[in-house]
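Participant: Sharing a structure with you now.
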Amino acid sequence: MTKNLVVMALAGIIWISSAGVGSAQSPEAAAKVPQNVPLEVQVVLSRYQGEKRVSSLPYVLSLKSGLVTTFRQPGQGAQLRLGSRVPIPTQVFAPPADGKPATTTSSVSYENVGTNIDCAATALEGGRFEVSITISETSVISDPQDLKTIPGSAVYPVFRSYQSTNTLFVKDGQTVQFTAASDRVSGEVVRVEVKLTVVK
12 MTKNLVVMAL
22 AGIIWISSAG
32 VGSAQSPEAA
42 AKVPQNVPLE
52 VQVVLSRYQG
62 EKRVSSLPYV
72 LSLKSGLVTT
82 FRQPGQGAQL
92 RLGSRVPIPT
102 QVFAPPADGK
112 PATTTSSVSY
122 ENVGTNIDCA
132 ATALEGGRFE
142 VSITISETSV
152 ISDPQDLKTI
162 PGSAVYPVFR
172 SYQSTNTLFV
182 KDGQTVQFTA
192 ASDRVSGEVV
202 RVEVKLTVVK
């Protein structure tokens, strides 16, 4: 009788364990939505002074949908790197020493300026897509009105930067606002909109 109880107890444990495994796999069942859907994601980065749009830069990335674990696999997700290297003049002053006069040596260093975008998407049920985007942008401030408020800008170039990471849930053909933020120095408002299109 005791042996039967032990067998029944073990059977119960095995059944509970199997039930636990089944429940743990339910997210995987939800992830069985067909992937590798060809997509086109348009990112528009705009700057506003008040209600006036002063610049608008569109970027288009082509990618395929995939699960979170496959975003870094070839063909899953997209990356964009676009920019220039801006020269920055510097001067090094050496005081007089050992009877030699003071000297000033000029040199040039370079700063990366441009836009970096990383994008990945997962197809969900109901025709929706989970889109994850990271945007990083660096640019040179050239507006004289903006430069007046920054100490040292008459001698050295001034760089501004923007970086944001967000996740959006969109459908085919839908445009959504990715983020909106105000520049503390210039007062400009940076707005980013994202449009997803399923490539037929």
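Every position in the sequence shown, counted from 1, becomes a number in this note's numbering once 11 is added.
Quick reminder that beta carbons are idealized off the backbone N, C-alpha and C, glycines included.
1. Check whether the region 58-76 and the region 99-106 touch, using three or more Cβ-Cβ pairs below 8 Å as the test.
2. Can you give the Cα-Cα distance for S67 and G110, rounded to whole angstroms?
3. Three-state secondary structure (DSSP) at D194?
4. Of all the beta strand (DSSP E) runs that stay within the bounds of the region 92-122, which reach a length of 3 or more residues?
5. Can you tell me whether DSSP reads G125 as helix, strand or coil?
6. Between the beta-carbon of V200 and the beta-carbon of L179, is there less than 8 Å?
7. Could you spell out where the beta strand (DSSP E) holding P69 opens and where it closes?
8. For Q46, collect the residues of the same chain with a Cβ closer than 6 Å to its Cβ; drop the 5 residues on either side in sequence, then sort them by chain order.
9. Which residues does DSSP pair with F170 in a beta bridge?
10. With DSSP as the reference, label E141 as helix, strand or coil.
Facilitator: Looking at the coordinates:
1. no
2. 58 Å
3. Assigned with DSSP and collapsed to three states, D194 falls in coil, not helix or strand.
4. Entirely contained in the region 92-122, not one beta strand (DSSP E) run reaches 3 residues.
5. In the structure shown, G125 sits in a strand (DSSP, three-state: E or B).
6. Taking C-beta atoms as the reference points, V200 and L179 fail to come closer than 8 Å.
7. 63-75
8. The beta carbon of Q46 lies closer than 6 Å to those of S76, G77, A134 in the same chain, with the five residues before and after it left out.
9. V151
10. strand
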